[in-house]
Amino acid sequence: MRFSILSIFSFLTAAGPALAQSDYNVDVPKDIVILQSTRDYAAALAGARQAATKLGRPLKLAGYQPNKELGLSASQADCTGDGYDFPCYVPRGQGGAENSDYLSIEFSDGYTGFAKGYYIVVAALAPPNSATLRQTLARVQRAYPAAYAKHTSVWFGCMH
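In this text, residue positions in the sequence shown follow our numbering: the first is 2, and each later residue adds one.
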C-alpha cells in the first residue's frame, strides 16, 4: 500500500510540469486588424506613420528593417543578442500570443493563411469575434473604412 501511494505521488510529481504545460507550445487563434498591405516597405511605413497620427495610437516597429531573405529582420546584434541566427523576424503576437492595440508593420509570411510577400500595416491583434475585436475594428474603420480583420493563429510558447 505504501509503495502504491509513493508510486502515485512520484508519478504526479514528475508529470505535474508536463500537465501544467499542456496549454503551452500551441497555436492560439487570433484576428488581426489590417489597414494596408503592400509589397513596398516604404509605402507601408508611410501608411503606418499616417495611421498612428490619425488614430492617435503608437507605432512600434520593433527595430525591424526590410530583409531580402525574411521580408523583415531585426539587426544582427539584436538577433544574436536574443539567441537567434541573423536574419530573424518574430511576427507580432508570436511567443506570448498577447492581444495588442498599436500600429506595426508585419511581414505576411509570418502568419498562417496570409498571402506571401506583403508588408502589412496592423492596428490590433485580438481574440476572434471578441468584443475587443469588434470595438477596435469599429474605431479603426471610422478613419479607415477599408480596414478589416483577418483570422490566423499565433504561436504561444518557446521561440528558441
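Yeah, the Cβ is synthetic: ideal placement off N, Cα and C, and Gly gets one too.
Note that the coordinates shown come from a computational prediction; the quantities given were computed from them, not determined experimentally.
In whole angstroms, what separates the C-alpha of residue i from that of residue j?
i    : j    : result
P146 : Y85  : 38 Å
Y42  : V141 : 21 Å
V27  : C89  : 21 Å
A125 : L71  : 22 Å
K151 : R58  : 20 Å
N68  : S74  : 6 Å
D32  : L134 : 8 Å
F87  : A144 : 37 Å
P30  : T81  : 29 Å
A49  : K117 : 20 Å
Q66  : P128 : 28 Å
V122 : A45  : 6 Å
A148 : A52  : 11 Å
D79  : A139 : 36 Å
L56  : Y103 : 10 Å
Q155 : G111 : For clarity, residue 155 is Val in the given sequence; the question names Gln instead. Looking at the two C-alpha atoms, the distance is approximately 9 Å.
N130 : S109 : 21 Å
Residues bridged to residue i by DSSP?
i    : result
A150 : V34
T137 : According to DSSP, which records beta bridges pairwise, T137 is partnered with nothing at all.
Y120 : T39, F108
L66  : According to the sequence provided, residue 66 is Gln. The question's Leu does not apply to it. Answer is S74.
Taking buried to mean at least 16 other C-beta atoms within 10 Å of its own C-beta, is residue i buried or exposed?
i    : result
T137 : buried
Q37  : buried
Q22  : The predicted model places Q22 with a pLDDT of 49, which falls under 50 and marks its position as unreliable, so this point remains unresolved.
T54  : exposed
E107 : buried
R93  : buried
S105 : buried
Mapping the DSSP letters down to three states, classify residue i as helix, strand or coil.
i    : result
D79  : helix
A47  : helix
S131 : coil
A125 : strand
L71  : coil
D110 : helix
Q22  : Note that Q22 has pLDDT 49, beneath the 50 cutoff, so the model's placement of it is unreliable and the number below is only indicative. Note: Q22 maps to coil in three-state DSSP.
L56  : helix
With a threshold of 7 Å, establish whether the CB of residue i neighbours any heavy atom of the ligand ZN.
i    : result
N100 : No copy of the ligand ZN occurs in the structure displayed, which carries no ligand at all.
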